[in-house]
Amino acid sequence: MPTLVNFSESRSEDSNLSPLFMNRLWKIPADRAHLRGWQERYNVLGNVEYSCFLHGGQRFFGSNEYQKYVIFGRKPRKTERNRAFQAQMVKCRNQAELHAALASKRQQGQSIGFVPTMGALHAGHESLVAAAKAECETVVISIFVNPTQFNEAKDFHSYPNTLEQDLERAEAAGADCVYLPSVDELYQGNLTVEPVDYGNLTHSFEGSMRRGHFDGVVAVVRKLFQAVQPNRAYFGEKDLQQLAVIRRLAEIEFPGLKIVGCPLVRDVDGLALSSRNVRLTGLARNRALKLNAWIRTIQREVESGARVDEVLQAVREAAQTDPEVKLEYLDLINPNTFEPWSDAKDTREAFAVVAAQVDGVRLIDNCRVMCS
Ligand code: AMP
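If you count by the working numbering, then the sequence shown holds residues 797 to 1168, one letter each, in order.
The structure is reproduced here in structure tokens:
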């Protein structure tokens, strides 16, 4: 068997693919990649088609070294090949349908992976489905725009709705079942939610800028976990604080459930993918890139040994005085507690986090920073 020494070249023809998403590819054991069947590759990569080939050997390099070339492209919709390989995704509108769809799988002892979403699916969501598919026998995705987690009615009413495309994307990404509850189905006419107090986790940053947000998140995720009863649930590091809150919820109320955090997926220019990005028109999209530039500056400076307080002060000053962006917060935090990172008590791993409004669209971003 040839030795794979190098992933030498990759070419993206899909603007939704980020370097991070490509990184997921590199985790496919190199010596097995060429042995995998189409469907397995397809499941791992969600909605993205790729072909890979080996190049090298005695004839080209005069040695047994090979390089692997990977060409990416968007998977064509609903091809005959799709249909042949994938059973139809089951659509469930209520708990009875959900239980009927999952009963036989549970009886067979199949593991159930769950990906909760609010729809308007993009490659970030697809990466969660792909991660669930790689680890679980059955994957359930939910699409539900949760009214109780929006602190502004306008934001809720203008939330993008692309259900037809979402169903295609979810199915192509490998979901076996989609749960599409109505507001009444989940809330039974009572939209009042209990306040949640996980200390700093629920009250700082997102919790303080969006009052009541985590009360709504916890309420809906609890209902969804009760309905789906998954073995593993997948959440994106894009919403880093939400991930920490859900981990706490699971620890307290769903001890058998494993919460899996998945890497943030970016567009090729670095913008964190978000369903709200469709509302960024023209210049606003370029302005939105500033969020990423700020946290990358913090990462670069801190990792090259600069003092955290000095770096934060300089970058915050630039962000606060930028007339094109309305900064909400910019900080370096401990990802477990969401307290400002401190070299006296924290481990090396910190996260730079930012939230800001660009032309009325609220955006968040974060990146890992290894402090010295
Ligand atoms: P949403 O539909 O925005 O509620 O997100 C549903 C799930 O997708 C959450 O766990 C998010 O953290 C995750 N998600 C959203 N955007 C991204 C992204 N760019 N990369 C990774 N995960 C994401």
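All C-beta atoms in this analysis are idealised placements derived from N, C-alpha and C, irrespective of residue type, glycine included.
It should be emphasised that the depicted structure is a prediction, and the values quoted were computed from it without experimental measurement.
By the Cβ neighbour-count rule, Gln1095 is buried, with 16 or more other Cβ atoms within 10 Å of its own.
When C-beta atoms of the region 903 to 911 are compared with those of the region 934 to 949, three or more pairs fall below 8 Å, so the two segments count as touching. The DSSP assignment places complete alpha helix (DSSP H) segments of no fewer than 4 residues inside the region 924 to 1011 at 949 to 953, 959 to 969, 979 to 983, 996 to 999 and 1002 to 1005, in order along the chain. Taken atom to atom, the span from the alpha-carbon of Gly1008 to that of Gln945 is near 7 Å. For Leu1085, the enclosing alpha helix (DSSP H) begins and ends at Leu1079 to Glu1099. Leu1123 and Arg1028 have their C-alpha atoms roughly 35 Å apart. Here the distance from the Cβ of Gly920 to the nearest heavy atom of ligand 1 is below 6 Å. With respect to the C-alpha of Ile1048, the residue from Thr988, Met1005, Leu1159 and Tyr994 having the closest C-alpha is Tyr994. Not one heavy atom of ligand 1 falls within 6 Å of the beta-carbon of Val1041. Contact between Asn1088 and Ala1068 holds, with the beta-carbon distance rounding to 7 Å and staying under 8 Å. Of all alpha-carbon atoms in Ala896, Asp1161 and Lys929, the one lying nearest the alpha-carbon of Asp1063 is that of Asp1161.
Beta-carbon to beta-carbon, Phe1050 and Phe1021 are separated by about 6 Å, close enough to satisfy the 8 Å threshold. Approximately 13 Å separates the beta-carbon atoms of Trp1137 and Leu1126; this is outside 8 Å, ruling out the contact. Counting along the chain, the unbroken alpha helix (DSSP H) around Val1104 starts and ends at Val1104 to Gln1116. Per the C-alpha coordinates, the member of Glu1113, Asn957, Ala896 and Leu1079 positioned closest to Val1024 is Ala896. Per the C-alpha coordinates, the member of Glu1120, Leu924, Thr1143 and Asp1139 positioned closest to Val1154 is Glu1120. Between Ser1071 and Pro956, the CB-CB gap stays under 7 Å. Beta-bridge partners of Gly1032 (DSSP): Cys1058.
For Ala916, there is no enclosing alpha helix (DSSP H), since its DSSP letter is neither H nor E. Take the alpha-carbon of Ala919 and the one of Ile1091: they are about 22 Å apart.
Glu1145 has Met1166 as its beta-bridge partners, per DSSP. Residues of the same chain with a CB within less than 8 Å of the CB of Ser954, apart from the 5 flanking positions on each side, are Arg1075 in chain order. For Glu893, there is no enclosing beta strand (DSSP E); the enclosing alpha helix (DSSP H) covers residues Gln891 to Gln903. By the Cβ-count criterion, Ala1151 is buried, with 16 or more other Cβ atoms from all chains shown falling within 10 Å of its own Cβ.
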